[in-house]
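A.B. asks:
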Amino acid sequence: MMKNNRSYRPSGLAFSCFLTLLLLSFTAVTYAQSGKSFKTIVLDAGHGGKDPGARGKFSNEKDITLAVVLKLGRLLRDSMPQLKVVYTRNTDVFIDLKERGPIGNRASGDFFLSVHVNSTAGRRERIQTGTRTVGKGRRKRKVPVYKTIIHRETATSGTETYVLGLTRNSEKERAIGEYGENVAEEPGLLDKNDPMTAVLIAQYSQAFLGRSVNFAGKVQANYASNGRNNLGVKQMSLQVLANSTMPGVLTEIGFINNPDEEEYLNTQEGQQNIAMCLYKAIQAYKYDIEKGK
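Residues in the sequence shown are numbered from 0 upward in steps of one, following numbering that gives the first Met the number 0.
#1: What's the C-alpha gap between Thr64 and Ile252?
#2: Can you list, in chain order, the residues of its chain with a C-beta nearer than 8 Å to that of Lys217? Leave out the 5 residues immediately preceding and following it.
#3: Alpha carbon to alpha carbon, what distance is there between Asn257 and Leu82?
#4: Using the Cα positions of Tyr145 and Thr119, report the straight-line distance between them to the nearest angstrom.
#5: Could you tell me the distance, in whole angstroms, from the CA atom of Leu75 to the CA atom of Ser113?
#6: Quickly, what does DSSP pair Met235 with across the bridge? List them, please.
#7: One question on the structure: do Phe111 and Pro246 come within less than 9 Å of each other, judged by their Cβ atoms?
#8: Within 10 angstroms of the Cβ of Thr132, are there 16 or more other Cβ atoms? Answer buried if so, exposed if not.
#9: Report the option in Arg151, Phe214, Ser204, Val162 whose CA atom is closest to the CA atom of Ile175.
#10: Three Cβ pairs or more, each shorter than 8 Å: is that satisfied between the segment 93-106 and the segment 207-226?
#11: Quick check on DSSP: helix, strand or coil for Thr155?
#12: Look at the Cβ atom of His115, then the Cβ atom of Gly52, and state whether they are nearer than 9 Å.
#13: Would you mind sorting Ile255 into buried or exposed? The rule is 16 or more other CB atoms within 10 Å of its CB.
#14: Give me whichever residues DSSP pairs with Ser113 in a beta bridge.
#15: For a test of the three-state rule: what should DSSP assign to Asn254, helix, strand or coil?
#16: Suppose you measure from the CA of Gln267 to the CA of Lys70; what does that come to, to the nearest Å?
#17: Within 10 angstroms of the Cβ of Lys135, are there 16 or more other Cβ atoms? Answer buried if so, exposed if not.
#18: Leaving out five residues before and five after Phe37 in sequence, what residues of the same chain have Cβ atoms less than 8 Å from its Cβ?
#19: Buried or exposed: which applies to Arg140, given that a residue is buried once 16 or more other Cβ atoms fall within 10 Å of its Cβ?
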């Protein structure tokens with residue numbers, strides 16, 4: 000829409016502010032997306048202590064996730080000693096979901112990997128178990144008696160990996176703001192008193208989501224190459240990913256209520272195979288990050 004014939008020229012102050020915003024946004028995106036060293040990974044074994052997680056016929060999720068995470072940690076220690084490994088738990092203890100992200104934040108983590116075991120909802124079946132007599136006299140009659148059986152076993156199998164859902168972006172951005180000095184390579188870049196900071200934090204959040212999707216794809220590709228059923232990369236608003244100040248994924252390594260998968264997940268071979276799939280994904284991701292891809 001033309002208001003008049005005079006061309007619009009921004010004031011010197013407005014133009015200066017625009018350039019500053021552009022430069023800071025570019026700095027944030029460049030830092031968040033490429034060229035940053037990958038020094039610390041946070042390994043999160045799902046559940047623990049009083050929280051067993053999903054239950055199978057003979058095992059609990061909390062024990063499988065811890066076994067896999069510890070095996071992965073040993074692989075990283077032996078083959079990538081330059082990469083610092085931080086555990087949210089390395090024993091059978093309960094750690095609140097809201098505390099898991101901050102453990103990694105305080106350690107200046109560069110990636111958050113949460114390991115879980117899947118389960119489907121039980122299938123309910125109503126069956127007749129007999130009859131009972133009701134009424135009196137001529138109204139006396141027999142009626143069926145039922146009970147509900149829950150079938151917990153499933154034929155569903157495979158692996159899937161989740162990145163953070165968009166509905167919890169605000170939590171992610173709050174965490175990034177709180178730990179700004181750990182996130183930004185340039186001191187003072189994420190100054191909470193600077194109105195430009197909100198824009199930069201949003202840029203970091205989006206860049207972290209992109210990195211998370213990249214990592215999740217590598218994880219699923221490795222599972223598939225190891226013969227596991229690939230259920231894909233998905234998005235969900237998960238608490239454990241929302242309050243960490245870094246890219247991150249939650250990976251479901253199999254279904255504990257599938258008898259074959261439960262058996263596999265409890266073998267040394269199965270746990271080592273899963274740990275190796277995750278190790279290869281970390282290795283490839285580290286290469287991408289440090290090469291600026």
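Heads up, the beta-carbon is just placed ideally off N, CA and C, and yes, glycines get one too.
Quantities reported herein were computed from a predicted structural model and do not represent experimental measurements.
C.D. replies: In brief:
#1: Rounded to whole angstroms, the separation of the alpha carbons of Ile252 and Thr64 is 9 Å.
#2: Cβ neighbours of Lys217 beyond the five flanking positions: Lys279, Ala280, Ala283, Tyr284.
#3: Roughly 35 Å between the two C-alpha positions.
#4: Each residue's alpha carbon lies about 24 Å from the other.
#5: Straight-line spacing of the CA atoms in Leu75 and Ser113 works out to 16 Å.
#6: Paired residues: Leu163.
#7: The answer is yes: Cβ separation under 9 Å.
#8: Thr132 sits exposed, since fewer than 16 C-beta atoms from the chains shown fall within 10 Å of its C-beta.
#9: Comparing Cα-Cα distances from Ile175 to each of Arg151, Phe214, Ser204, Val162, the minimum goes to Ser204.
#10: Here the segment 93-106 makes no contact with the segment 207-226; the two share fewer than three CB pairs at distances below 8 Å.
#11: Correct three-state label for Thr155: coil.
#12: Pairing His115 with Gly52 gives a Cβ-Cβ distance under 9 Å.
#13: With a threshold of 16 other beta carbon atoms within 10 Å, Ile255 meets it and is buried.
#14: Ser113 is bridged to Asp43, Leu249.
#15: Correcting the residue type first, residue 254 is Phe in the shown sequence and not Asn. In the displayed model, Phe254 falls within a strand according to three-state DSSP.
#16: Distance between the alpha carbons of Gln267 and Lys70: 10 Å.
#17: Flag for Lys135 reads exposed.
#18: Within the same chain, and ignoring the five residues on either side of Phe37 in sequence, the residues whose Cβ sits closer than 8 Å to its Cβ are Leu82, Asp109, Phe110, Tyr284, Lys285, Ile288, Glu289.
#19: Exposed, by the Cβ-count rule.
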